[in-house]
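Below is one structure, written out as structure tokens; comments come after it.
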């Protein structure tokens with residue numbers, strides 16, 4: 073039996089801290105929303121804990137209000153990262169770090185393309201390729217170090233009955 | 571048959587499936603809010619302006635460690651800058667004392683000429699000084715949060731300016747927190763006047779890129795280095811305030827380099843322009 077309660081609280085606070093740090097860090101290369109998404113994706117959430125979905129949704133709304141992004145943007149991103157892992161396990165895709173990394177990288181490519189084309193077609197603004205891809209690339213590069221740290225914290229709180 | 575149906579029902583009603591359904595439902599709600607452009611509705615605007623102060627207060631407390639690190643780095647940079655400036659000042663002290671005399675005599679001459687030409691003095695506006703508390707200028711939806719003690723005097727669409735020129739306008743306000751929509755915001759539209767010939771156009775924010783000017787009739791006459799000022803059309807911004815300079819021209823595409831760099835500012839001025847107009 074795995075007890076996630078303490079680690080869950082730690083990660084809720086980490087996510088809350090990262091989202092709140094948006095008021096301090098203003099960088100083109102580090103998108104704290106995407107970094108929060110990476111943490112959500114890497115974490116091994118409890119599949120029966122319904123409060124996680126509500127918290128992720130509320131964190132999204134909180135981020136949208138703080139950063140002034142359109143309502144629903146961050147919450148859909150957070151829940152997408154959460155759901156991808158659930159769908160992966162539902163489809164019985166093995167929970168291998170490398171496979172998870174490939175799925176994550178593909179998701180990043182899709183998201184960056186969507187971001188680019190949305191801004192290009194709706195606002196008629198061509199963003200330079202480098203500026204568009206950089207935050208996504210940083211998050212992909214952070215995958216393995218973050219996965220290592222988070223796995224370490226989560227296994228520390230594993231309790232065998 | 572019945573057994574398999576029961577098993578299916580059991581599977582759907584299992585706690586894991588229920589959480590999955592809840593996540594899917596919330597995800598769909600989020601997508602509806604996003605693609606349905608909920609933020610354009612009045613209730614969303616009210617909700618956002620009402621919750622900005624609360625979310626800022628929470629985030630300010632939670633992000634205290636990051637804030638301390640950031641302000642520490644900033645203080646070190648400032649000290650380095652002051653030390654550098656002091657050295658520079660000592661080096662130029664002698665030269666300055668000579669040029670000071672020249673400047674004074676030139677200023678007196680300018681005053682005499684202005685008097686002879688009957689030039690009107692530059693228009694000045696009442697302003698409220700506000701502190702920048704959060705900077706989101708590097709995002710596509712570039713904005714800043716400001717705090718002021720005189721919030722009762724602040725209103726939506728109030729022009730915000732730095733020491734050199736215009737920065738943006740107030741887009742929403744709460745008790746003592748207001749959000750300023752910057753000129754680089756992709757939703758920003760500013761009527762501008764370019765060069766001495768006062769060519770009229772609309773400046774559109776481009777996120778991290780330089781803003782561009784559209785709807786210009788005589789775009790071929792625009793040269794790199796031409797001054798861009800507010801035209802005053804629309805009534806939100808006062809006229810003749812410096813916006814920036816033309817940085818690049820490529821056919822109809824005219825890029826403007828903004829005169830104000832928000833990341834270098836700690837305070838800004840909120841011009842009491844509309845307020846003055848209404849009272850006149």
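Residue numbers (the numbering used here), protein chains in the order written: chain S, 73 to 233; chain H, 571 to 850.
Cβ coordinates follow ideal geometry from the N, Cα and C atoms, glycine included.
Counting only runs that start and end within the stretch 571-649 of chain H, where is the alpha helix (DSSP H) found for 4 or more residues in a row?
572-583, 585-605, 612-632
Which value, in whole angstroms, describes the spacing of the CA atoms of residue 109 of chain S and residue 674 of chain H?
60 Å
Any chain H beta carbon closer than 8 Å to residue 88 of chain S
yes
Once you ignore the five residues that flank residue 114 of chain S on each side, which residues in its own chain have a CB closer than 6 Å to its CB?
218, 219, 222
The stretch 132-147 of chain S: which residues have C-beta closer than 7 Å to a C-beta of chain H, in chain order?
Answer set for the stretch 132-147 of chain S: 132, 134, 137, 138, 139, 140, 141, 142, 143, 144, 145, 147.
Span of the beta strand (DSSP E) holding residue 832 of chain H?
In this chain, residue 832 of chain H is not harboured by any beta strand (DSSP E), its DSSP state being neither H nor E.
Establish whether the CB of residue 822 of chain H and some CB of chain S are separated by less than 8 Å.
no
Alpha carbon of residue 124 of chain S to alpha carbon of residue 184 of chain S, nearest angstrom:
26 Å
Span of the alpha helix (DSSP H), counted from its first residue to its last, around residue 180 of chain S:
169-194
Simplified DSSP assignment, three categories, for residue 142 of chain S
In this structure, DSSP gives residue 142 of chain S a state outside helix and strand, which the three-state scheme calls coil.
Out of S/100, S/164, S/156, which one is the CA nearest neighbour of residue 236 of chain S?
Residue 236 of chain S is absent from the structure shown; chain S starts at 73 and stops at 233.
According to DSSP, is residue 672 of chain H helix, strand or coil?
helix
Residue environment, residue 618 of chain H, which counts as buried when at least 16 other CB atoms sit within 10 Å
buried
Note the first and the last residue of the continuous alpha helix (DSSP H) segment covering residue 226 of chain S.
215-228
For the stretch 210-227 of chain S, which residues have a CB atom closer than 7 Å to at least one CB atom of chain H, in sequence order?
none
Using a cut-off of 7 Å between C-beta atoms, extract the partners of residue 120 of chain S located in chain H.
585, 586, 589
Name the one or two DSSP bridge partners that residue 862 of chain H has.
This structure gives no information on residue 862 of chain H, because the portion of chain H shown stretches from 571 to 850.
Grab the span of the alpha helix (DSSP H) containing residue 104 of chain S for me, first residue to last.
Taken as a continuous stretch (DSSP letters only), the alpha helix (DSSP H) holding residue 104 of chain S covers 104-114.
Does the Cβ of residue 172 of chain S have 16 or more other Cβ atoms within 10 Å, making it buried, or fewer, making it exposed?
By the neighbour-count rule (16 or more Cβ atoms within 10 Å), residue 172 of chain S is buried.
Listing by chain order, which chain H residues have their CB less than 9 Å from the CB of residue 203 of chain S?
777, 778, 779
Contacts that residue 158 of chain S makes with chain H (C-beta to C-beta distance below 8 Å):
590, 593
Residue 729 of chain H (DSSP reduced to helix, strand or coil):
Three-state DSSP puts residue 729 of chain H in a strand.
For chain S, check one thing: does any of its Cβ atoms lie closer than 8 Å to the Cβ of residue 615 of chain H?
For residue 615 of chain H, the answer is no, since every Cβ of chain S falls outside 8 Å of its Cβ.
Where residue 211 of chain S sits in the DSSP three-state scheme
If DSSP states are grouped into helix, strand and coil, residue 211 of chain S belongs with the helices.
Best match in H/720, H/778, H/797 for proximity to residue 98 of chain S [C-alpha to C-alpha]
Selected option, being the one with the closest Cα: H/778.
Would you please verify whether the beta carbon of residue 92 of chain S is less than 8 Å from any beta carbon of chain H?
yes
Quick one: grab the DSSP three-state call for residue 741 of chain H.
strand
Starting from residue 763 of chain H, trace the beta strand (DSSP E) both ways and give me its first and last residue.
759-764
Among H/671, H/798, H/749, H/810, whose alpha-carbon lies nearest the alpha-carbon of residue 816 of chain H?
H/798
Would you report the Cα separation of residue 95 of chain S and residue 640 of chain H, rounded to the nearest angstrom?
11 Å
Where residue 817 of chain H sits in the DSSP three-state scheme
strand
What residues in the stretch 705-722 of chain H have a beta carbon less than 8 Å from any beta carbon of chain S?
705, 706, 707, 708, 709, 710, 711, 713, 715
Assess, as a yes-or-no matter, whether the stretch 715-733 of chain H is touched by the stretch 788-795 of chain H under the definition of 3 or more beta carbon pairs within less than 8 Å.
no
Using three-state DSSP, classify residue 721 of chain H as helix, strand or coil.
helix
If the cut is a Cβ gap below 7 Å, which residues of chain H does residue 154 of chain S touch?
Neighbours of residue 154 of chain S on chain H, chain order: 593.
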